[in-house]
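Okay, structure first, notes after.
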Amino acid sequence: LGRPAAGKTGTTNGSKAAWFVGFTPQLSTAVWVGDPGAPGRAVKEMRRVTINGRYYNQVYGGTLPARIWRATMSRALRDVPVERFAAPDRDVVRGQEAEVPDVRGLSYDEARQVLTDAGFGIRDGGRVSAAPIRRGDVAYTSPRAGRTVRVGATVTIFVSNGRERVAPPPSPAQEPAPPPAEPAAPTEPTEGTTAAGNNGRGNGNGRGNG
């Protein structure tokens, strides 16, 4: 179309009809393609049909209906200025949002009432160690207080059991690996011999090669 547009295809059960519904910022139209049939005659399926000299194995919403829609809208909007779609409202896309109230230190019933009045759903998260918060009072919520979330979301309430949270014992420190052993120093050959193990006066007994 040469302008912002959107649409949706549709095909009825049994391929009895095909649809394309589309719109621009200024105009919306719908196209239906099918055979209504004569009174007393079954509706013809849009399969293996020839329409305007063109054969279709099956008519889908994205085939003939979409082409009819495009041709119709191009003609209808020929002299209409091009406009862009307005940005969607954030509350429509994401829903209305609100901060989670701080209910720490309240009783469970009081916290539930505050959160319900703020538009949130409630779930009981059970009891947790959170002294010095008194037993039976709210320790914290999830999402935490002050977080911005969608109105209607579920907030889980955790209640203190009056006990302090016990930190896990530190893991034992690992012994450092011993340094690698130094290589042994080479030994000096004794006087009168060489590193090859002879007496230094030849290749054998010092009197030649024998």
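Final position of the sequence shown in this note's numbering is 400; the numbers increase by one with none missing. Think of the CB as a built atom: it goes at the ideal place given N, C-alpha and C, for glycine as much as any other residue. Quick caveat, the model's predicted, so the values are computed rather than measured.
For Ala276 and Asp314, the rounded distance between their alpha carbons | 42 Å
Segment contact flag, the segment 286-300 with the segment 317-326, C-beta cutoff 8 Å, min 3 pairs = yes
Where does Pro322 sit, in a helix, a strand or coil, going by DSSP?
-> coil
Out of Pro278, Pro255, Arg317, Thr331, point me to the one whose CA is closest to Gly352's CA.
-> Arg317
Sorted by chain position, which residues of the same chain lie with C-beta nearer than 7 Å to Thr346's C-beta, five sequence neighbours on each side aside?
-> Arg313, Gly315, Thr331, Ser332
Is it a yes or a no for the segment 206-214 touching the segment 241-257, going by three-plus beta-carbon pairs under 8 Å?
-> yes
Proximity of Gly192 and Trp259 at Cβ, strictly below 8 Å = no
For Gln303, which three-state DSSP category applies?
-> helix
Alpha carbon to alpha carbon, how far is Thr214 from Thr199?
-> 15 Å
Cβ contact check for the segment 281-292 and the segment 237-252: 3 or more pairs under 8 Å = no
Beta-carbon proximity of Ala320 to Val290, cut-off 8 Å = no
Excluding the five sequence neighbours on either side, which residues of its own chain have a C-beta within less than 7 Å of the C-beta of Gln248, listed in chain order?
-> Ser205, Met236, Arg237
Cutoff 7 Å; reference Ala266; Cβ partners in own chain excluding five residues on either side = Leu217
Can you list, in chain order, the residues of its chain whose CB lies under 7 Å from that of Ser264, leaving out five sequence neighbours each side?
-> Leu191
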